[in-house]
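What follows is a single structure, written as structure tokens, with notes after it.
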Amino acid sequence: VVELQRITAQQKSENFNEIQKKEALLKKLSEIQKLSIMKEKSLMDLQVTSARQQTEIYNLQKETESQRIYYEEIIR
1250 VVELQRITAQ
1260 QKSENFNEIQ
1270 KKEALLKKLS
1280 EIQKLSIMKE
1290 KSLMDLQVTS
1300 ARQQTEIYNL
1310 QKETESQRIY
1320 YEEIIR
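Per our numbering, residue 1250 is the first one in the sequence shown, and the count goes up by one each step.
Here's what the structure looks like:
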């Protein structure tokens, strides 16, 4: 009976240790997922900024072209 109690206590201890290891791994996984989401958000923010800058460049090019045509008309 004493041997059985010792084995049971050992198994409970091993199970507890396994549970702690799994909880630690889940916590690490959760942190990795959080970082991944933050990275994706940063990437999307950069893409939005890039798209805005491209639009700004396009608008400036159109404005420059309009001014060029306007001044060419004046020169003629």
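Ideal Cβ placement from N, Cα and C applies to all residues, glycine included.
The C-alpha of Q1296 is placed about 22 Å away from the C-alpha of I1281. Here E1272 has no same chain residue with a Cβ atom under 8 Å from its own Cβ, once five neighbours each way along the sequence are excluded. When secondary structure is reduced to three states using DSSP, R1325 falls in the coil class, being assigned neither helix nor strand.
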